[in-house]
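Chemist: Residues 56 to 328 (the numbering used here) make up the sequence shown, in order. Take a look at this one; I'll ask things after.
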Amino acid sequence: MDKKIIFFTGSSSGIGWELLKKLLQEKHFLILPIRNYQQKEHLKELVKIYKDNIEVIEMDLGNLNSLTNQNIWHRIKQYPRIDILINNAGIYTHTKHLQNGIELQWLVNYIAPAYLSLQLVDLLSKSNSPLVLFVSSRMHYMAKINFEDLQYSKHYSGQLAYANSKFAITSFSLYFAERFKNIRSNSCHPGVYSTGITRDLPFLIKFLWNTFIAGPKGGSEVLYQLLFNPEFNQQTGKYFDKLKISQAHKDCYNKEIQQKLLDFLEQATGIFI
Ligand SMILES: NC(=O)c1ccc[n+]([C@@H]2O[C@H](COP(=O)([O-])OP(=O)(O)OC[C@H]3O[C@@H](n4cnc5c(N)ncnc54)[C@H](OP(=O)(O)O)[C@@H]3O)[C@@H](O)[C@H]2O)c1
């Protein structure tokens with residue numbers, strides 16, 4: 056198998072952690088944006104074993120100063136190319152957190168992966184077969200975005216904020232595929248698993264979820280198949296429900312809504328689109 060250079064978010068836990076171990080066994084080179092790396096003993100152990108195949112980049116995707124840090128980007132841009140970008144990091148939170156004046160689920164689940172993808176276009180374009188995979192969720196169908204109040208100043212529902220952010224990244228994935236035709240871009244719902252995503256849920260729901268729902272291996276296998284199975288290597292601009300091509304929320308394809316979401320991204324990060 057070709058050895059790929061893979062930029063991979065959300066590899067320190069859950070679905071991403073399982074996928075990381077598999078990708079390292081196959082000797083790909085992994086660039087890993089990680090927050091609070093020094094506190095992640097399990098990851099440090101893996102880095103010791105695979106030190107020639109990993110570069111850890113200290114980056115907090117929920118903080119614009121970190122996400123757009125020019126020193127970090129200078130270092131990333133030294134790579135000769137990037138073959139695969141896996142936008143897997145995500146959060147689900149019940150309580151409202153603001154960072155840089157922006158609701159946190161917007162930042163981690165939409166603004167960060169969209170910003171990373173745009174910043175990496177040049178490096179992806181140097182690959183023979185570039186691919187971006189955005190990990191979304193079936194919950195994006197529940198989105199109801201109020202563009203007049205993106206920061207939920209009147210009312211906050213963590214579930215709605217999660218759904219909205221996953222709608223936004225699904226819609227962005229479609230935009231990205233159309234705008235950069237040389238780079239394949241797909242989004243997916245990986246399935247439902249017991250992972251760190253439940254950490255902010257009320258105790259009882261978390262307990263039931265972690266008791267009755269399987270661990271994340273199935274999710275990592277879905278991502279692995281979408282990335283490497285030749286059956287999918289012509290697909291772009293698609294939303295997958297696990298391994299099945301599906302119709303995303305119909306408004307994800309709406310150009311006006313896509314533009315409003317791009318305006319939001321541009322206002323937040325200053326990136327020129
Ligand atoms: N589990 C499910 O049932 C399910 C269903 C549908 C979709 N998904 C999606 O699948 C993806 C993976 O989630 P998971 O279930 O594996 O959850 P998880 O175990 O909580 O993993 C989330 C990953 O994202 C990283 N992350 C979160 N906030 C970050 C930040 N500010 N900066 C850098 N990294 C950050 C986490 O890093 P830390 O270790 O530092 O927290 C972790 O590596 C997410 O996009 C999620 O929305 C999951």
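Ideal Cβ placement from N, Cα and C applies to all residues, glycine included.
Can you tell me whether Lys299 is helix, strand or coil according to DSSP?
Modeler: Reduced to three states, the DSSP call for Lys299 is strand.
Chemist: If we ignore side chains and look at the alpha-carbon of each, how far apart do Gly246 and Ser192 end up?
Modeler: Distance between the alpha carbons of Gly246 and Ser192 is about 8 Å.
Chemist: In angstroms, rounded to a whole number, what distance separates the CA positions of Gly270 and Gly156?
Modeler: Near 34 Å, if we compare the C-alpha coordinates of Gly156 and Gly270.
Chemist: Which two residues bound the contiguous alpha helix (DSSP H) that contains Val111?
Modeler: Counting along the chain, Val111 falls outside any alpha helix (DSSP H), though it belongs to the beta strand (DSSP E) covering 109-113.
Chemist: Taking one C-beta from the stretch 204-213 and one from the stretch 291-299 each time, how about it: are there three or more such pairs within less than 8 Å?
Modeler: Contact fails: fewer than three Cβ-Cβ distances are below 8 Å.
Chemist: Express the C-alpha separation of Arg239 and Leu188 in angstroms, rounding to a whole number.
Modeler: Roughly 8 Å between the two C-alpha positions.
Chemist: Compare the beta carbon distance of Pro88 and Thr123 with 8 Å and say whether it is the shorter of the two.
Modeler: No. Outside cutoff.
Chemist: Comparing the CB of Ile139 with every heavy atom of ligand 3, is any distance shorter than 7 Å?
Modeler: This structure lacks ligand 3; its bound ligands are ligand 1.
Chemist: Note the first and the last residue of the continuous alpha helix (DSSP H) segment covering Ser121.
Modeler: Ser121 -> alpha helix (DSSP H) spans 119-122.
Chemist: Within a Cβ cutoff of 7 Å, which residues of the same chain sit near Thr253, ignoring the five residues on either side of it in sequence?
Modeler: Only Lys261, Trp264, Asn265 meet the Cβ criterion.
Chemist: Let me confirm a value: Lys76 is counted as buried when at least 16 other C-beta atoms fall within 10 Å, else exposed. Which label applies?
Modeler: Exposed, since its Cβ has fewer than 16 Cβ neighbours within 10 Å.
Chemist: Any heavy atom of ligand 1 closer than 7 Å to the Cβ of Arg136?
Modeler: No, the beta carbon of Arg136 sits no closer than 7 Å to any heavy atom of ligand 1.
Chemist: Could you compute how far the alpha carbon of Asn309 sits from the alpha carbon of Asn201?
Modeler: Each residue's Cα considered, the two are about 15 Å apart.
Chemist: Mind checking which residues open and close the alpha helix (DSSP H) that includes Asn241?
Modeler: First-last for Asn241: 239-244, but that is the beta strand (DSSP E), not the alpha helix (DSSP H).
Chemist: Which term fits Gln174, buried or exposed, when burial requires 16 or more other beta carbons within 10 angstroms of its beta carbon?
Modeler: Result: buried.
Chemist: Cutting at 6 Å between CB atoms, please list the residues of its own chain near Pro62, excluding the five before and the five after it.
Modeler: First, the amino acid is wrong: residue 62 is Phe here, not Pro. Excluding sequence neighbours, Phe62 sits near Ile86, Ile137, Leu140.
Chemist: Between Lys82 and Pro135, which are expected to be in contact by the criterion C-beta below 8 Å, what is the C-beta distance as a whole number of angstroms?
Modeler: Contact flag wrong, Cβ pair sits at about 17 Å.
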